[in-house]
Every structure is written in structure tokens, then in C-alpha cells.
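Accompanying notes for the structure given below.
Structure follows, in C-alpha cells:
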């Protein structure tokens, strides 16, 4: 009973930590690219509004990086404290990507500090822009290396199992496992997409609150255009992810799609509810699951009937899949209509109700990121290392995990509220209109 409680609280604490960290990690990966794009557009068009966009985004980015460092450190600590048996088994394999992730972060942090310190110290803005390249590369590769660890947990390889131990280890083969390409691509691209839509939500909100400055209109158009590109890329990579699951983790795909029996020409089930094992009120798209899994409308898709009950993921991951896909496709539509409507001068894309939809798109994108991660992690259950170690065998037996949960929940509450307060005060005390006026006076030019 004690071990069951330890396992339960270890899972809850890990889920809480990852769910909180992923918000700041996603912004930390995506915003540097947005800063770089804004500054590059400003240089190319000789437009100080875009330069100022980069400048203000960079200030806010520093706050999210600081919080991300704390939560990232908590994850590393909890891996050892909550899952000691897993770390004992696989620690010498995942140590390399974990070290590389730390190196990538320090690489990013060093150049971010130089970039922030050297604002207005370069006469040639292109030289200053060059400092952003290692920042964006470091941020993205931090996500790459930490996602490789997660990919290894889903598709472990690069070792032999001898007497319950992993031997003959090849770290590179373990890193470049079958899950790595689609999982890494999906995480990085969705981080870019989500960051763009969060920044778009902020711009739309400022316009709704009466600040009709061209600065916010430029910010909104740029971020929605970038968001459109990466939301389409996310959908394409998601399709490849489905094909990976069909080949390497068919039980996760079957559980996510409520595909209970192996069959050819399998339909895709969206939404609905389960009532005593019967699917009701669902939308069924003929042949779509076979196409998603094998790009063949008549292909056979393995169902849950091929797996033992104790190796079947929880069926509620279907709802997580539905939420993730619905939000993702909605953002493609929302951003696509905005881009097309702006080009064709459709009035409704500048209406209040449409801008409110854009504002809602920011938190909705965060929810899609969260449900995507929950789907990935819960869909691997009951394994922590697929096919080798179960979650209950990996967890600590300490009776004090519940106390840790309370303490860390308090920490995350303070960090979350604190970061919101700091960011709000930072930009409220220095509104863009005032900063533009100050820079106009300072430079003696016209950027109004």
C-alpha cells in the first residue's frame, strides 16, 4: 500500500512539474525565433517598429527563461528522487542527451546576455542580429536533446539486457531511436507555433483595449503569418507521427483512436463517449485511420485486441487526442483566414469578435501543447521504459512524496503568479507608445 501511494504521488508530482515547465519551455524555445524574425524584418524594411518588437519581446523572454531554469532544475532533481530505479537502469544512457541539453542552454544564455547588453551598441543592426542566431539555435537544441530522452523512453534501443541490467550500450544509437525524428520535429515546431499565437494574442488584446497603434497591427500580422506556417507544419508532422505510432507503438494509436479490433479499411473516430465499451455520439471518418497509419485506405490497422489488458494505455487519451487535434486545426483555420482576409481586405478579420478569437487562440495553443504531452506520456503507460520497465517498478518507495508535492505545488504557484505580475508591471510601466516617443526623441527620426 505504501508503494502504491508513493507511485501515485510520484506520478502526480511529475505530471504537475512537466505541465508547469512545458509552458515556459515552449515559450523559451519559440520566442527567440520570433525575436530574430522581427529584428530581421525590421532591418530588411528599415522599420523601427519591428526592431522595437524584438527589443520588447526580448525583455519579456528573460523572465520566462528565469522561471524555466527553476522548473527545469526541478525536473532533473525529481528524476533522481522520484524514479531512482529508472535512473539506475537507464541513467548512463540518458546522461549524454541530458548533458547536451545543459550545454545548449548555457550556449543560449551566454549569447542572450551579450545580445541584451549590446542593444544600441552596434551601428550596423545586422551585426547585432547575428548574436540572436546562437540564442535561437541553443534554445531549439535544448528542446531537441531533452526530447531525445523522452523518445528513448518510448522506443528504447542501443543496448542489450543482461540479468536485468542494460549492457553493451551505444549512446548514439540510443539517441537516434525510431521515435526521435517525429517527436523532436513535433515538439520544436509546435513550440514555434504556440509562441507565435501567444504573441498574436497579446497584440490582439492590446488592439481590443483601445491601443490602435500601428505597432500592434504589425505585431499581429507578423505573428499570425508565422503561426500559420508552423501550424501547417505541425499538421504535416502530426501525420508522420501517426505513421510512427502505427509501426512502433500500435497500442498507443489504438487507444487514442478507440480502435478496439484489428481490421482493414479502418475508420477514424473523433469525439464521442464510451458507454460500457460502446462508442456513442462519435464522428466516424471512413478509411481515415488506415490512411493516417499507413497512407493506404485499405491497410490493416492493429487494434487493442492484440495486446494484454495490463499493457493497454488508458482509454481517456482519446479525449486528449481530440482536444489537441481540434485546437490545432482551428488555429490553422483562424490564422489562414486572418492572413487571407488581410491580403484581400476583408473587414471581418479586423472586427472585435475575430480579434477575441485570436486572443483565445493564445491560451488554446497552450492547452493543445499540454494535452499533446499528456497524450504522449499517458499513452506510454504502463511503461516508463517501453517494454522493459513499468512505472510502478521505477518509482521511489519513500513515504514523503506527498509532502514534496505540496511544497513544489506552492513553488510553482509563486513562480506562476510572480512571473505574470513582473511581466505585467514591466510592460504597463513602459507602454509601447511611450517607448516609441522616447526613441523618436533620442534618434531624432520619425518612427511614429
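In this note's numbering, the protein residues as written are 6 to 453.
The beta carbon of each residue, even a glycine, is placed where N, CA and C say it ideally should be.
Helix, strand or coil at residue i [DSSP, three-state]
i           : result
residue 420 : helix
residue 276 : strand
residue 391 : coil
residue 29  : helix
residue 188 : helix
residue 126 : coil
residue 214 : coil
residue 405 : coil
residue 300 : coil
residue 176 : helix
residue 317 : coil
residue 434 : coil
residue 90  : helix
residue 254 : coil
residue 461 : Residue 461 cannot be examined here, being either before or after the span of the chain that is shown, 6 to 453.
residue 112 : helix
residue 97  : helix
residue 356 : coil
residue 262 : coil
residue 361 : helix
residue 378 : helix
residue 227 : helix
residue 312 : coil
residue 182 : coil
residue 350 : coil
Status (buried if at least 16 other CB within 10 Å, exposed otherwise) for residue i
i           : result
residue 327 : buried
residue 223 : buried
residue 7   : Confidence at residue 7 is low in this model, with a pLDDT of 47, below 50, so its placement is unreliable and no value can be given for it.
residue 167 : exposed
residue 249 : buried
residue 16  : buried
residue 329 : buried
residue 358 : exposed
residue 104 : exposed
residue 364 : buried
residue 194 : buried
residue 255 : buried
residue 231 : buried
residue 36  : buried
residue 62  : buried
residue 200 : buried
residue 153 : buried
residue 4   : Absent from the model: residue 4. The displayed extent of the chain is 6 to 453, so no value can be given.
residue 128 : exposed
residue 300 : exposed
residue 251 : buried
residue 123 : exposed
residue 375 : buried
residue 120 : buried
residue 14  : buried
residue 82  : exposed
residue 340 : buried
Same chain, Cβ closer than 8 Å to residue i, neighbours up to 5 away in sequence not counted
i           : result
residue 392 : 161
residue 431 : 64, 65 and 68
Identified DSSP bridge partners for residue i
i           : result
residue 166 : 171
residue 306 : 268
residue 400 : In the DSSP output, where bridge partners are listed per residue, residue 400 has none listed.
residue 385 : For residue 385, which the question treats as bridged, DSSP gives no partner whatsoever.
residue 285 : 278
residue 290 : 273
Chain-order list of residues whose beta-carbon lies under 7 Å from that of residue i (same chain, five-residue window excluded)
i           : result
residue 271 : 264, 294, 295 and 306
residue 187 : 242, 245, 246 and 249
residue 28  : 371
residue 145 : 34 and 193
residue 235 : 194, 197, 198 and 201
Sequence-distant residues of its chain with Cβ nearer than 6 Å to residue i (five each side left out)
i           : result
residue 309 : 259, 265 and 317
residue 70  : 33
residue 343 : 229 and 354
residue 273 : 290, 293 and 294
residue 325 : 376, 379 and 380
Proximity test, Cβ basis, 8 Å: residue i and chain C
i           : result
residue 428 : Chain labels in this structure do not include chain C; a single protein chain is all it has.
Residue ranges of each alpha helix (DSSP H) within the stretch 134 to 164, 4 or longer
Listed in chain order, they are 137 to 159.
Which parts of the stretch 35 to 68 are runs of the alpha helix (DSSP H), unbroken and 4 residues or longer, counting only runs that do not cross its ends?
none
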